[in-house]
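One structure is given here, and the rest of the page talks about it.
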Amino acid sequence: MRFRTFKKGVYLPGNKERTASLPVEVLPLPRQVVLPLRQHIGAPAEPVVAVGDEVLTGQKIAEAKGKVSLPLHASISGKVVAIEPRPHVSGELVPAIVIESDGTERMAPELHAPPRLEELSAEQLKELMQEAGLAGMGGAAFPTHVKYDPPPGKKIEYILLNGAECEPYLTCDHRLMVERADDIILGLMAMLKAGQATKGLIGVEVNKPDALAALEKAATGLPIEVLPLKVKYPQGEEKMLIYAATGRVVPAGALPIEVGVVVNNVATAAAFGEYLRTGKPLISRLVTVTGAGIKSPKNLEVRLGTLLEDVLNYCGGFTDAPGRIILGGPMTGPAQYRLDLPVMKGTSGIVVQTRAEVEKPDYGPCIRCGKCVDVCPYNALPNYFGLYAEHDRLAEVEKYGIFDCRECGSCTYVCPSRRPLLQLIKDAKRKIMASRKTG
Ligand code: SF4
Ligand code: SF4
Numbered sequence: 293m294r295f296r297t298f299k300k301g302v303y304l305p306g307n308k309e310r311t312a313s314l315p316v317e318v319l320p321l322p323r324q325v326v327l328p329l330r331q332h333i334g335a336p337a338e339p340v341v342a343v344g345d346e347v348l349t350g351q352k353i354a355e356a357k358g359k360v361s362l363p364l365h366a367s368i369s370g371k372v373v374a375i376e377p378r379p380h381v382s383g384e385l386v387p388a389i390v391i392e393s394d395g396t397e398r399m400a401p402e403l404h405a406p407p408r409l410e411e412l413s414a415e416q417l418k419e420l421m422q423e424a425g426l427a428g429m430g431g432a433a434f435p436t437h438v439k440y441d442p443p444p445g446k447k448i449e450y451i452l453l454n455g456a457e458c459e460p461y462l463t464c465d466h467r468l469m470v471e472r473a474d475d476i477i478l479g480l481m482a483m484l485k486a487g488q489a490t491k492g493l494i495g496v497e498v499n500k501p502d503a504l505a506a507l508e509k510a511a512t513g514l515p516i517e518v519l520p521l522k523v524k525y526p527q528g529e530e531k532m533l534i535y536a537a538t539g540r541v542v543p544a545g546a547l548p549i550e551v552g553v554v555v556n557n558v559a560t561a562a563a564f565g566e567y568l569r570t571g572k573p574l575i576s577r578l579v580t581v582t583g584a585g586i587k588s589p590k591n592l593e594v595r596l597g598t599l600l601e602d603v604l605n606y607c608g609g610f611t612d613a614p615g616r617i618i619l620g621g622p623m624t625g626p627a628q629y630r631l632d633l634p635v636m637k638g639t640s641g642i643v644v645q646t647r648a649e650v651e652k653p654d655y656g657p658c659i660r661c662g663k664c665v666d667v668c669p670y671n672a673l674p675n676y677f678g679l680y681a682e683h684d685r686l687a688e689v690e691k692y693g694i695f696d697c698r699e700c701g702s703c704t705y706v707c708p709s710r711r712p713l714l715q716l717i718k719d720a721k722r723k724i725m726a727s728r729k730t731g
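Once you know that position 402 of the sequence shown is 694 in this note's numbering, the rest is easy, because the numbers rise by one and skip nothing.
Listed below in C-alpha cells is the structure:
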C-alpha cells in the first residue's frame with residue numbers, strides 16, 4: 293500500500309523502541325521551577341508577581357506583552373523566590389520567575405472551564421488560546437492564536453495537525469495520541485471554529501498504528517480526516533507535511549496560510565482541548581527522556597520549569613558520563629551542556645547519547661558525491677552552503693539560497709565525509725543576520 297509523503301528526504305533508524313510502548317508517567321512535584329519569561333517566539337511575558345509572593349498552581353504570573361506574546365502561569369504552588377536572569381536553552385541568560393514548591397498542589401481558584409464550545413465565538417476562542425498560554429509544542433513555540441488571524445484576502449481552509457513525530461527517539465506525541473486522543477480532537481474542533489475552517493486533518497506516520505486507530509475512533513462523525521503517512525524524515529516538517537496531506541506546495545519564503553492551511557502540533561491541540569475541558573492553562577507537557585545514556589527511559593508529564601537535572605534523576609540518571617544531551621530530537625534539537633536548564637513549552641524530548649555514540653573522527657573534504665543534494669526536500673544545494681560557509685563567503689551562500697534551508701539536517705545525516713553541513717548552515721545564517729542588523 294502506498295502512503296502519502298513528500299519528495300526526497302531520508303530513511304532514518306527510528307530508535308523509538310525504548311519508549312514507544314511506555315505509558316505516560318507523571319513526574320512528581322519538583323522542589324523548584326524556573327520559568328523563563330521568554331519561552332515563545334515574540335515579546336517576552338511581563339511579570340505580575342514579585343519576589344516573596346505566594347502563588348497557586350495555574351495562577352497567571354506574567355502577562356502577554358502585545359499580540360505576539362503569551363502569558364505565563366505558575367506550574368506549581370509555592371513562593372516566588374527570585375525573578376532574575378537564569379540559563380536558557382538559547383545559551384543566554386534570560387529573565388525567569390523562580391518558584392519554590394510548598395509541597396502541596398493548591399490550584400488557583402480562578403481556574404474554571406470556559407463555556408461549552410457551541411457557546412463560544414471564533415474571537416472568544418482565539419482569546420482563550422492566548423489566555424491559556426498556548427505556543428507551538430512541536431518545538432517552534434510560536435504563539436498559537438496568531439496563526440488564526442489570516443492576512444487580508446486569505447482564508448483558512450484546513451487545520452492540519454502534525455502527529456508525524458518523524459524525529460528519531462521521540463515518542464511523547466505517539467503516547468499522547470494513544471492516551472489523550474479525545475483532548476486532541478476537542479482541541480482540533482475548537483481550532484476549526486476559531487479559524488472558521490472547513491476541515492481538520494491529522495497526519496500520523498504509519499509506524500504508529502495504535503495512534504491512528506485512537507484518533508480515528510475519537511474523530512468518528514466529525515469533519516476530521518486522519519491521514520496515514522509514510523515513515524520518512526522530515527515528514528513532520530511543516531511544508532513537507534502540507535504537501536503530503538493536501539498536495540499543496542507552499543512557495544519558498546511564504547507561510548502555510550498562502551495555501552489555505554494552518555499547522556499545529558497534536559500536543560498543542562491536546563493542551564487546548566484540556567484547557568477547554570478543565571480551565572487548566574499550559575503548565576505541563578509530555579517529554580520523552582531517552583537514549584542509550586539514560587538508565588530508565590520514559591515518557592513523562594513534566595511541569596514547565598522543572599530542571600533537566602530533576603527529570604534525569606527521576607529516570608535513574610546517566611548510564612555513564614554522557615557524550616551529549618539534546619533537547620528535542622537529534623536531527624534538529626540543540627545539544628546542551630548544563631543540567632540547570634528548565635523544561636519549556638517547546639521541549640519535546642531529552643535525548644542522552646553516550647560518548648561512544650558521539651565520538652566520531654574528524655570530517656573530511658567534500659567529495660562531490662551529491663548525496664546531500666539528492667535528499668534535500670527543499671531542492672537546496674547544501675554542498676555549496678558548506679563549502680562557502682566554511683570560508684565565510686557569505687555573499688555566495690546567500691546567492692545560493694541559504695534561507696530556503698529549513699534546517700532539517702538530512703544533508704548532514706547522509707554526507708559520507710561527515711561534514712557538519714547543518715552547523716555550517718546555521719552559523720552562516722546567524723552571521724548574515726548579524727551583519728544585516730549592524731548594517
Ligand atoms: S540544506 Fe537545509 S533543508 Fe536541505 S537537507 Fe540540508 S538542512 Fe535540510
Ligand atoms: S554529501 Fe557531503 S561529500 Fe557529498 S556532495 Fe554533499 S557535502 Fe559533499
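Virtual Cβ for every residue (Gly too), placed ideally from N, Cα, C.
- Distance from the C-beta of residue 607 to the nearest heavy atom of ligand 2 is not below 7 angstroms.
- If you draw a 10 Å sphere on the C-beta of residue 652, you find fewer than 16 other C-beta atoms in it, and that means exposed.
- For residue 663, the CB contacts under 6 angstroms within the same chain, skipping 5 residues up- and downstream, are 706 in chain order.
- Classified as buried, residue 500 has 16 or more neighbouring CB atoms from the shown chains inside 10 Å of its CB.
- The Cβ atoms of residue 349 and residue 397 sit closer than 8 angstroms to each other.
- Inter-residue distance for residue 441 and residue 489 is about 12 angstroms (C-alpha atoms, whole angstroms).
- In the three-state reduction of the DSSP assignment, residue 520 falls in the strand class.
- Per the coordinates, the alpha-carbon of residue 523 lies some 29 angstroms from the alpha-carbon of residue 607.
- With distances taken between CA atoms, residue 360 lies nearest to 421 out of 421, 391, 325, 405.
- Set against 7 angstroms, the gap from the CB of residue 693 to the closest heavy atom of ligand 2 is not smaller.
- In this structure, ligand 1 has no non-hydrogen atom nearer than 7 angstroms to the beta-carbon of residue 680.
- Inclusion of residue 563 and residue 478 in the CB contact set at 8 angstroms is not warranted, their separation being larger than that value.
- Nearest neighbour of residue 504 by Cα position, chosen from 520, 513, 515, turns out to be 520.
- Judged by the Cβ position, residue 708 qualifies as a neighbour of ligand 2 at the 7 angstroms threshold, a heavy atom of the ligand being closer than this.
- For residue 458, the closest alpha carbon among the candidates 435, 527, 468 is that of 527.
- Here the stretch 505–512 makes no contact with the stretch 586–597; the two share fewer than three CB pairs at distances below 8 angstroms.
- The three-state secondary structure of residue 542, taken from DSSP, is coil.
- Excluding its 5 nearest sequence neighbours in each direction, residue 548 has C-beta neighbours in its own chain below 7 angstroms: 530, 534, 542, 554, 555, listed in chain order.
- Considered as a whole, the stretch 569–648 harbours 576–582, 590–595, 614–619, 641–646 as its complete beta strand (DSSP E) runs of no fewer than 3 residues, in chain order.
- Restricting attention to 516, 465, 643, 393, the CA atom closest to the CA of residue 323 is found in 393.
- Rounded to whole angstroms, the gap between the alpha carbons of residue 376 and residue 575 is 20 angstroms.
- At least 8 angstroms separates the beta-carbon of residue 634 from that of residue 365.
- Residue 671 is not bridged by DSSP to any residue.
- Relative to ligand 2, residue 675 has its C-beta within less than 7 angstroms of a heavy atom.
- Proximity of the beta carbon of residue 300 to ligand 2 is not indicated: no heavy atom of the ligand is located closer than 7 angstroms.
- Residues of the same chain with a CB within less than 7 angstroms of the CB of residue 470, apart from the 5 flanking positions on each side, are 502, 503, 506 in chain order.
- Shortest Cα-Cα distance from residue 321 to any of 712, 631, 603, 686 involves 603.
- Counting other Cβ atoms within 10 Å of its Cβ, residue 413 stays below 16 and is therefore classed as exposed.
- Apart from sequence neighbours up to five positions away, the residues of its chain that approach residue 297 with a beta-carbon distance below 7 angstroms are 521, 522, 524, 527, 536, ordered along the chain.
- Closest by C-alpha distance to residue 406, out of 685, 567, 300, is 567.
- Residue 310 is positioned such that its CB atom lies no closer than 8 angstroms to that of residue 639.
- About 5 angstroms separates the beta carbons of residue 450 and residue 493, which is inside the 8 angstroms limit, making them a contact pair.
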